[in-house]
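Position one of the sequence shown corresponds to residue 178 (this note's numbering), numbered consecutively onward.
Report on the structure given below.
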Amino acid sequence: MPHSADEVERVKVEMMFWFKQELRRRDAKIKTLQQTQALSLEENKAALESQNSDRIRVMMEEYESKLISERVTNTELQRNYVQVIQERDLMSRRLRDQSTAIQNNWDWIIAQEAMDDQSMLNDVITESQQKIKQAEVKSAETCCGGMIDAEVLQLKRDYSNQIEINQ
178 MPHSADEVER VKVEMMFWFK QELRRRDAKI KTLQQTQALS LEENKAALES
228 QNSDRIRVMM EEYESKLISE RVTNTELQRN YVQVIQERDL MSRRLRDQST
278 AIQNNWDWII AQEAMDDQSM LNDVITESQQ KIKQAEVKSA ETCCGGMIDA
328 EVLQLKRDYS NQIEINQ
C-alpha cells in the first residue's frame, strides 16, 4: 500500500519527534550518569582522601607509639645502666674496703707474731742469761785459776746460736 506524501511527512515528523525525545532522554541519562559519576568520583576522591588521611593518622599514631616506646625503652636502659654503674661502684668500694680490712688484719697478725716472736726471744735470752750466770757462778765455785766449766761454754754457744737464729 502506497503512502501519501502527507502520511510520509507525518511519519517523518513523528519519527523526528520520537528521535529527539529519545535523544533528550539519552542526554538526560548521560547527564545523570555523568553527574552520578562526578558525584561518585568526588565521593571516591573524598573517600580515598579520608582513607589516606586515616591511614596517615594511624601510621603517625603507630610511629608516635613506637617513638614513645623507644623513649621508654631508652629511659629504662639509661635507668638500668645507671643502676648497674652504681652497683659496680658499690661492689668496687666493698672490695676495696675488704681488701683494706684484710691488709690491716695481715698487718695486725704480722705485728702480733712479731711481738710474740720478740717476747719469746726475750724469754729465751733472759733464760739463757740466767743459765749463763748460774753456770758462771758454779764455775767460779768449782774452778780455780780461770778455768771455765764445759756447761758454761755450752750455754754461751746456745745463747749465741739463739741470737743468730732470731736475727
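Just so it is clear, CB atoms sit at the ideal spot from N, CA and C, and this is done for glycine as well.
The structure presented is a predicted model; accordingly, all values stated were derived computationally and were not measured.
Under 9 Å between C-beta atoms of residue i and residue j
{"i": "serine 305", "j": "glutamine 339", "result": "yes"}
{"i": "asparagine 343", "j": "aspartate 293", "result": "no"}
{"i": "leucine 272", "j": "isoleucine 309", "result": "no"}
{"i": "isoleucine 287", "j": "tyrosine 336", "result": "no"}
Heavy atom of the ligand GDP within 8 Å of residue i beta-carbon
{"i": "valine 301", "result": "Inclusion of the ligand GDP in the displayed structure is not the case, the ligand content being empty and no account of it being possible."}
Buried versus exposed call for residue i [16 or more other C-beta atoms within 10 Å across all chains shown]
{"i": "alanine 312", "result": "buried"}
{"i": "glycine 322", "result": "For glycine 322, the predicted structure reports a pLDDT of 46, less than 50, and the residue's modelled location is therefore unreliable. The matter cannot be settled from this model."}
{"i": "lysine 197", "result": "exposed"}
Problem - Contiguous beta strand (DSSP E) assignments of at least 3 residues, all confined to the segment 242-314 - result: none
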